[in-house]
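Here the numbering used here is used: the first residue of the sequence shown is 1182, the next is one more, and so on.
Here's the structure, in structure tokens; my notes come after.
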Amino acid sequence: MKIPKGNVRKCIRSIPLLPPALALMFGLGSNGATKHLFSIRFQLFYSTAAATSRANTLVDFLVNSLGFSNKEAISTSSKVTRSRLRNYEPHLLLDLFRKVGMNKAQIKTLVSSSPEVLFSHIDKNLKPKIKVLQELGLSGSDLVTFINKSDFLTRGLHTTIKPSLDYLREYLGSYDAVARVVKKEPRLLSNNLPKVIPPNILLLQNLGFSRVDIETVFHRRPRYLLNNPEWLERVVNQAEKNFNVPRESRMFLHAIEALVSLDESKLERKLDIFRSFGWSDSDISAMVRKLPYCLTSSEAKINITLKFFMNELGYEPSYLASHAPLLKYSMEKRVKPRNEILKFLQENQLIKGKLSLYTAVSSPESRFRKKYVLPFKEKMPELYDLYIKNTS
């Protein structure tokens, strides 16, 4: 930042001198004190002005090169310490990310969540980490997704990333298995796995889970092994005691997977929605034993689904609990379009016998069309067109 010569003295003069008492405390008497303080004030002003200039340059870069709004750019730049601005090489960073397949929007997302990545040393820090991912077989969209879903690039290569990969390789037995797990859960490599995972494995072993069960967890839902053991133990007890899912049941692991993603307040809000529709705790437990993932639906989804099945179709809680998959299918893409087809067929007596919505909704799309749609295409042209539109 350049300051016009005529304004230098004026700018420096605007920085107040220390009061005489403080000057004496620092050993600054009248002889030479003013001159010394002038020097201090000038250095302070110059370093502040230089830092401000670098911060403004960062804001300009975020706006002009990555599409940030001015407000977003100022907010992001404020998260960066002034000392880091000295190591700023933004255009080299953009070149690197573009080479691995990231577009401007993806780079913006990454920088928004982890602005410190802007100041990483490209050759010593970023390239070796990206190479690790490429050696695991990640490239193109997989690589981009991984980088954007984790703070991997801000973690230490030798303190976190490589020890975690070595741990996974030792436990899972092959790099192919490691690659599959890491693709499924990018946040694995943001954690110190040799420290985080063993206590959870020990807990599951003590609860009677076999190695096969635990490996299944690794492959299906690795995220929940990142929780602290106390949280995992609470979830196990919750599945067994609150929802009466037997530990030997094939649904027990699924129940843990569903519950581990819910904090207590969120879970209680969802249970209250079921209760507001007349469900008893035994009805809810029966549903969880049948399909635990019903609890992972959003509160809005649960509300809409129960209103349709109970208020519009008149289904009872006990029936829905024993036919729990009904509650997980898409209402707009599957349940409602198929229900309209069945209603038309029944009203026009085109199929003999009672039609089961559960059977129809559970059928694969090809089978449903072959049995309930295509044979009656000419008799219901408008409904057929609407069905195809809604389900395509």
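Don't be surprised by glycine CBs; every beta carbon is placed ideally from N, CA and C.
- From S1250 to V1261, what does the alpha carbon distance come to, in whole angstroms? Rounded to whole angstroms, the gap between the alpha carbons of S1250 and V1261 is 17 Å.
At the level of alpha carbons, what is the spacing between E1421 and P1367? 30 Å
**Q.** Local Cβ density within 10 Å of E1438, reported as buried at 16 or more and exposed below that
**A.** buried
Practice item. Label L1555 either buried or exposed according to how many other C-beta atoms from any shown protein chain fall within 10 Å of its C-beta, with 16 as the threshold for buried. Key: Classification of L1555: exposed, given that the 10 Å Cβ count is below 16.
Beta carbon of T1326, beta carbon of V1292: below 8 Å?
no
Terminal residues of the alpha helix (DSSP H) in which R1515 lies
It is not in any alpha helix (DSSP H) - R1515 carries neither H nor E in the DSSP assignment.
Check: Whose CA, out of S1573, I1532, E1351, lies closest to the CA of F1557?
Finding: Among S1573, I1532, E1351, the Cα nearest to that of F1557 is on I1532.
Nonlocal neighbours in the same chain, by C-beta distance under 7 Å from D1453, ignoring five residues either side
none
Query raised in the report: Is E1429 helix, strand or coil when you go by DSSP?
Result: coil
Could you tell me the boundaries of the alpha helix (DSSP H) in which L1173 lies?
The structure shown does not extend to residue 1173, since the chain is modelled only from 1182 to 1573, so the question has no answer here.
| message | Ignoring anything shorter than 3 residues, give me the beta strand (DSSP E) runs that lie fully in the segment 1301-1372, in order along the chain. | response | none
Inset, instruction - Say whether chain B places a C-beta atom closer than 8 Å to the C-beta of L1443. - result: Within the model displayed, chain B is absent; a lone protein chain is all it includes.
Exercise for review: Going by CA-CA distance only, name the one from W1460, I1522, P1498, D1394 that's closest to L1567.
Suggested key: I1522
**Item:** When E1563, L1370, L1406 are compared against L1334, the one with the closest alpha-carbon
**Value:** L1370
_Using a Cβ-Cβ cutoff of less than 8 Å, which residues in the same chain neighbour L1374 once the five nearest sequence positions on both sides are dropped?_
P1344, S1345, Y1348, L1349
Whether or not the segment 1300-1312 and the segment 1349-1363 are in contact is what I'm after, with contact meaning three or more pairs of Cβ atoms, one per stretch, closer than 8 Å; do they touch?
no
>> Considering Cα atoms alone, identify which of S1503, E1493, P1403, G1495 is closest to C1475.
In response: S1503
To the nearest angstrom, how far is the alpha carbon of V1244 from that of N1381? For V1244 and N1381, the distance between alpha carbons rounds to 44 Å.
Item checked: Length of the line joining the Cα atoms of L1413 and R1401 -> Near 16 Å, if we compare the C-alpha coordinates of R1401 and L1413.
**Item:** Whether L1536 touches Q1527 by CB criterion (8 Å)
**Value:** yes
Residues in the same chain with beta-carbon distance under 6 Å from Y1500, minus the five sequence neighbours each way, listed in chain order, please. none
Using the C-alpha atoms, what's the distance from S1573 back to D1276? 39 Å
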